[in-house]
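**Q**
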Amino acid sequence: MLTKLVNHWKLGALAILATSVVVAGAFASAASPASQRAADTKITGAGSSFVFPLVSQWIPALGPALGIDLTYAAVGSGAGIAQITARTVDFGASDAPMSPDQFSACKGCVQIPWALAATSIPYNVPGLKKRVRLTGAVIASIYLGKITQWNDKALQKLNPGAGLPATKITPVYRSDNSGTSYNFTDYLASVSPEWKSKIGVGVNASWPTGIGGKGSSGVAGVISRTEGAIGYVDIAYALSNKLQVASVQNKAGAFADPGLRGTAAAGATVTKVPSNNELHIVNPPASQKLAYPICTFTYVILPTKTAKAAELRKFVFWALTKGQTYGPKLLFVPIPLPVLAASEKTLLQVKS
Amino acid sequence: MRPGDLLFRAVTALAAFAAVALVVGIAYEVVRQAAPAIAHFGLAFIWNTTWNPITRDFGAGAFIVGTLVSSFFAILLAAPLAIAIALFLTELAPRWLRGPVATLVELLAAIPSVVLGLWGILVLGPFLAGTIEPWLSKWLGWLPLFSGSPSQAGMLNAILILTIMIVPIVSSITRELFLRVPRELREGSLALGTTRWEAIRGVVIPYCGPGIAAAIILGVGRAVGEAIAVTQVIGGGTTLHRSLFAPADTLASKIASSYQGASTKLEGESVLYLAAILLVIALLTNIAAQVVVRRAEKRGVL
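Below is the structure:
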């Protein structure tokens, strides 16, 4: 009996030993590329979830290209600004331009536009054959709670014969502070004087009606689970969640889609960049007939005095040039030349 | 005294004082960080029901109401349920069933809040919006509580999630209390000719009354502080609504969703002011539970 027990113990010990050897071997083989990466410079960033799909394409390319090990946390534009202000990360990212208060709190930071994409208007109305057409005024009325059903007269006028159902419209907004909310409210304020005076523009607002979702994924999730929902989310997320997005009428009267053509046309309206690099391209003038009216630049925020200045300059310069080539398949448009020039000029202010 | 004893005394005293220092330290730090907002808004912050980051007008009113409403309804649903479970497990279930069922009920408390929140979004939300809320709207829609249209995320969803969290706490404490009722009392009552239900209603429950009250207050404390699960299902509403279907927010949930991305200094400080108010509510709840227990101990029933 005792020998049987001892034998079982021996067998158990052997099994444990064998398993640990295998596991250690697996870790060792996995660790060797990591030990090579340990020689790379580590750069950390946090902020906008809007630019996250593009940054995550950059991360694997940066190691071999520049010897930079980049980590990025998509915690939202507001949190990104807060973290770079506290210098807990090397760079911040925000879709909303920084306010004068934020600039002074950041104590010597610059914002550099480094990507351009559209905010799409996804909706969940099953059974429609064509893309829904909307105007800015209608979207504002929906979010103000004035239009409550999909078969409202204003919507039917824009979409004749589409067979819009009598379902209730549930507007969905970002419950956390978000640069995408800033872009969306910026657009609504430019097309609706009522929105501008009652609600205003900001990374968060006192939304009169609707449901809040946390993060782009939260909003996209609520929309896909709620019939009749409508929301705003950056085009990359709408694409990855396979949401139907609406066409929005621009100033020229055409109904534009949030794709590369519409976004590039909106970006082309920038001829001069102000000294603080703050750019607004919502509701662009009618000269650009194909422009999608809800586009935004997104900014990287860098401290002007930092120990990692050389690496950060290398990284951002790469992002502004080679990095832009990763954009189009995620529907990010390469930044137009006037903006590229201004960004590179501002980048020179980052010194160690 | 021997040096070993002295050392033992010192170490245990240090641990106790460290705990006290931690409580005082946390409370002090929260109030200190919230001080600019307290100075700016004063006590009017407590009943101001606006939260507008654009006009920089912040107030805790909507969230205090949200916390009170969600906890009140959660305990309203959880207390009878928990007492019923405890009664079933101590008086009514066959002996072989008691152990497994008790274990499973306690496992409910072991589910991490964030997992419960995910279940709330993915399963409970659609079920509420598709089945429960339309039913309530049809039969009880004349009540302002059940007016408005069904929604997946809202106060009702949060109330149900909180109920699920409170039930295991209250039921396990109540079960312990019921097990400790002296046999003489129970047997005496049966000897006098009461039925089983009369014995439970007339002897067991009143005997355990203060203990059940303390358990309920502890459950409320749990509900008041729950942030993660609530913020996932409550919909992030910023205005007060009468209907339970509408999105709302509680103090804990608002702090969890807003602190990280606060866009202005004032907003960050206002969120800390919310934290200070929440701390006060949680401490008061806990003190209330302790008072109830102490009174019951004095009367000799605990």
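Just so you know, the sequences run in chain order A and B.
Counting with the numbering used here, you get residues 543 to 894 for the letters of the first sequence.
Counting with the numbering used here, you get residues 742 to 1043 for the letters of the second sequence.
Virtual Cβ for every residue (Gly too), placed ideally from N, Cα, C.
Mark D643 of chain A as exposed unless 16 or more other C-beta atoms lie within 10 angstroms of its C-beta, in which case mark it buried.
**A** For this step, residue 643 of chain A is matched to residue 101 along the first sequence. D643 of chain A comes out exposed.
**Q** What does the alpha-carbon distance come out to for the pair G678 of chain A and L730 of chain A?
**A** The residue labelled residue 678 of chain A in the question sits at position 136 within the first sequence. The residue labelled residue 730 of chain A in the question sits at position 188 within the first sequence. One C-alpha to the other measures close to 7 angstroms.
**Q** Roughly how many angstroms separate the alpha carbons of L700 of chain A and A833 of chain A, rounded to a whole number?
**A** Within the first sequence, residue 700 of chain A is the residue found at index 158, counting from 1. Within the first sequence, residue 833 of chain A is the residue found at index 291, counting from 1. If you take the alpha carbons of L700 of chain A and A833 of chain A, they lie about 19 angstroms apart.
**Q** Where do the N-terminal and C-terminal ends of the alpha helix (DSSP H) with K856 of chain A fall, by residue?
**A** For this step, residue 856 of chain A is matched to residue 314 along the first sequence. Run containing K856 of chain A: 851–862, per the alpha helix (DSSP H) assignment.
**Q** Could you have a look at D611 of chain A and say whether DSSP puts it in helix, strand or coil?
**A** Locating residue 611 of chain A in the first sequence gives position 69, counting from the first residue. It is a strand residue.
**Q** Please check the pair T811 of chain A and P827 of chain A, which I expect to be a contact at CB under 8 angstroms, by giving their CB distance rounded to whole angstroms.
**A** Position 269 of the first sequence, counted from the start, is the residue given in the question as residue 811 of chain A. Position 285 of the first sequence, counted from the start, is the residue given in the question as residue 827 of chain A. Contact holds; Cβ gap of about 6 angstroms.
**Q** I'd like the list of long-range same chain contacts for S574 of chain A, defined as Cβ closer than 7 angstroms, with 5 residues on each side in sequence excluded.
**A** By 1-based counting over the first sequence, the position of residue 574 of chain A is 32. With a pLDDT of 49 at S574 of chain A, under the threshold of 50, the modelled position of this residue cannot be trusted; read the value that follows with caution. Counting only Cβ-Cβ distances below 7 angstroms, and skipping sequence neighbours, we find nothing.
**Q** If you measure between the beta carbons of A762 of chain A and P664 of chain A, is that distance less than 8 angstroms?
**A** Residue mapping note: residue 762 of chain A aligns to position 220 of the first sequence, counting from 1. Residue mapping note: residue 664 of chain A aligns to position 122 of the first sequence, counting from 1. Taking 8 angstroms as the Cβ cut-off, A762 of chain A and P664 of chain A qualify as a contacting pair.
**Q** Which runs of the alpha helix (DSSP H) spanning at least 4 residues fall entirely within the stretch 940–998 of chain B, listed in chain order?
**A** Runs found: 946–966, 969–974.
**Q** Please tell me whether A778 of chain B and L1007 of chain B are closer than 8 angstroms, where the distance is taken between their beta carbons.
**A** Residue numbering aside, residue 778 of chain B sits at position 37 when the second sequence is read from its first letter. Residue numbering aside, residue 1007 of chain B sits at position 266 when the second sequence is read from its first letter. Result yes, Cβ atoms of A778 of chain B and L1007 of chain B sit closer than 8 angstroms.
**Q** Classify G703 of chain A: buried if its beta carbon has 16 or more other beta carbons within 10 angstroms, exposed otherwise.
**A** As a working mapping, residue 703 of chain A is identified with position 161 in the first sequence. With fewer than 16 Cβ atoms within 10 Å of its Cβ, G703 of chain A is classed as exposed.
**Q** Tell me which residues of the stretch 756–779 of chain A have at least one Cβ-Cβ distance to chain B shorter than 8 angstroms, keeping chain order.
**A** Answer set for the stretch 756–779 of chain A: K756, G763, V764, R767, T768.
**Q** Taking a cut of 8 angstroms between CB atoms, which residues from the stretch 1013–1028 of chain B lie near chain A?
**A** Residues: none.
**Q** Which residues in chain A have a C-beta closer than 9 angstroms to the C-beta of A834 of chain B? List them in chain order.
**A** Taking the first residue of the second sequence as position 1, residue 834 of chain B is located at position 93. Residues of chain A passing the Cβ test: none, with the nearest at roughly 39 angstroms.
**Q** On the DSSP bridge list, what partners appear for F874 of chain A?
**A** Residue numbering aside, residue 874 of chain A sits at position 332 when the first sequence is read from its first letter. Answer is none; F874 of chain A lacks a bridge partner.
**Q** What separation, rounded to the nearest whole angstrom, lies between the Cα atoms of T661 of chain A and A870 of chain B?
**A** The sequence position of residue 661 of chain A within the first sequence is 119, counting from 1. The sequence position of residue 870 of chain B within the second sequence is 129, counting from 1. Using only the alpha carbons, I get a separation of about 28 angstroms.
**Q** Just to check my reading of the structure: A819 of chain B and I907 of chain B have Cβ atoms closer than 8 angstroms, yes? What is that Cβ distance to the nearest angstrom?
**A** Taking the first residue of the second sequence as position 1, residue 819 of chain B is located at position 78. Taking the first residue of the second sequence as position 1, residue 907 of chain B is located at position 166. About 4 angstroms; that satisfies the 8 angstroms criterion.
**Q** With 8 angstroms as the threshold, decide whether the Cβ of S562 of chain A is near any Cβ in chain B.
**A** By 1-based counting over the first sequence, the position of residue 562 of chain A is 20. Chain B, which has no Cβ nearer than 8 angstroms to the Cβ of S562 of chain A, makes this no.
**Q** Pull up the distance between the alpha-carbon of F633 of chain A and that of N818 of chain A, whole angstroms please.
**A** What you label residue 633 of chain A is simply residue 91 of the first sequence in a count that begins at 1. What you label residue 818 of chain A is simply residue 276 of the first sequence in a count that begins at 1. Taking the straight line joining both Cα atoms gives about 17 angstroms.
**Q** Spatial neighbours of V772 of chain B within its chain, please: C-beta separation below 6 angstroms, excluding the five flanking residues on both sides.
**A** As a first step, residue 772 of chain B is located in the second sequence; it is residue number 31 there, counting from the start. Hits under 6 angstroms: A1017.
**Q** Rounded to the nearest angstrom, how far is the Cβ of D718 of chain A from that of S854 of chain B, given a contact under 8 angstroms?
**A** Looking up residue 718 of chain A in the first sequence gives position 176. Looking up residue 854 of chain B in the second sequence gives position 113. Contact doesn't hold; Cβ gap of about 19 angstroms is too wide.
**Q** Check the C-beta distance from R673 of chain A over to S789 of chain A and give it rounded, since I have them as a contact under 8 angstroms.
**A** Mapped onto the first sequence, residue 673 of chain A falls at position 131. Mapped onto the first sequence, residue 789 of chain A falls at position 247. With a Cβ gap of about 5 angstroms, R673 of chain A and S789 of chain A count as contacting.
**Q** Quickly, what does DSSP pair Y733 of chain B with across the bridge? List them, please.
**A** Because chain B is modelled from 742 through 1043, residue 733 of chain B falls outside the range shown and cannot be assessed.
**Q** Buried or exposed: N549 of chain A, going by 16 or more other Cβ atoms within 10 Å of its Cβ?
**A** For the purposes of this step, residue 549 of chain A is taken as the residue at position 7 of the first sequence. Label assigned to N549 of chain A: exposed.
**Q** Are the C-beta atoms of A708 of chain A and some chain B residue less than 8 angstroms apart?
**A** For the purposes of this step, residue 708 of chain A is taken as residue 166 along the first sequence, with counting starting at 1. A708 of chain A does not count as touching chain B.
**Q** Does the beta-carbon of L884 of chain B have 16 or more other beta-carbons within 10 angstroms, so that it is buried, or is it exposed?
**A** Numbered from 1 along the second sequence, position 143 holds the residue referred to as residue 884 of chain B. By the 10 Å Cβ count, L884 of chain B comes out exposed.
**Q** Kindly list, in the order they appear in chain B, the residues whose Cβ is closer than 8 angstroms to that of G744 of chain A.
**A** For this step, residue 744 of chain A is matched to residue 202 along the first sequence. Under the 8 angstroms cutoff, chain B gives P794, I795, S1004.
**Q** Using the C-alpha atoms, what's the distance from A624 of chain A back to T630 of chain A?
**A** The residue you call residue 630 of chain A lines up with position 88 of the first sequence. The residue you call residue 624 of chain A lines up with position 82 of the first sequence. Roughly 9 angstroms between the two C-alpha positions.
**Q** Distance check for R750 of chain B and G1045 of chain B, CA to CA, integer angstroms please.
**A** The displayed coordinates of chain B run from 742 to 1043. Any statement about residue 1045 of chain B would go beyond what the structure contains.
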